[in-house]
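Novice: Everything in the sequence shown is counted per our numbering, starting at 1 for the first residue and increasing by one.
Idealized CB from N, CA, C, for every residue including glycine.
Next up is a structure, given as structure tokens.
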Amino acid sequence: RLNGVPIPRLQTGLENKMANLTLAYKARAYSTGTLGRAICNARTHHFVADDAGGEELGAGEFFFAGITACAVNMVERLADKDDIALEWMDVGVESFRDADADHGDLSLYDAIRIKFEMWGVDDEDARNLVELWKKR
């Protein structure tokens, strides 16, 4: 309902397909009444996300932090499964925009760099673990 008026539901074949899927993750964000600030939640955790340049972390920073967390957790799991003695790892991500490019109203990244550092594994195992991560 929006302002007390029912919102029509769009019926698609996707709903039937989704009925056979298991929910993996769920998150929400709510407006706060302050332009450029949202309250986000996942499970029982709540956190603030600001628009670019705000006091709190921005949505883009949360997005890229999620990618790096996924990389660390998945690569550690893959190494453990294959008995690779990964001792420690550090994953960083940087995104870049061309300040002179005209993307209109779109938020686009012109380049994204992800850097993996691993300790306790040889170069070949490290490369293979990163390639496996990229395929998933």
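(1) What's the C-alpha gap between A101 and Y25?
(2) What do you get for L129, buried or exposed, if any count of 16 or more other CB atoms within 10 angstroms of its CB means buried?
(3) To the nearest angstrom, how far is the alpha carbon of M18 from that of E87?
(4) Tell me W119's beta-bridge partners as DSSP assigns them.
(5) According to DSSP, which residues form a beta bridge with C40?
(6) Between the C-alpha atoms of R28 and F63, what's the straight-line distance to the nearest angstrom?
(7) Go to A79, then tell me how far its alpha helix (DSSP H) extends in each direction, as first and last residue.
(8) Is it true that the CB of V91 sits closer than 8 Å to the CB of I114?
(9) When every heavy atom of the ligand FMN is checked, does at least one fall within less than 7 Å of the C-beta of G120?
(10) Which residue's Cα is closest to the Cα of D83: E55, V121, T68, F96?
Specialist: Let's see:
(1) 35 Å
(2) buried
(3) 39 Å
(4) W88
(5) A29, F47
(6) 14 Å
(7) 59 to 81
(8) yes
(9) Judged by which ligands are present, the structure shown has none, so any question about the ligand FMN falls away.
(10) V121
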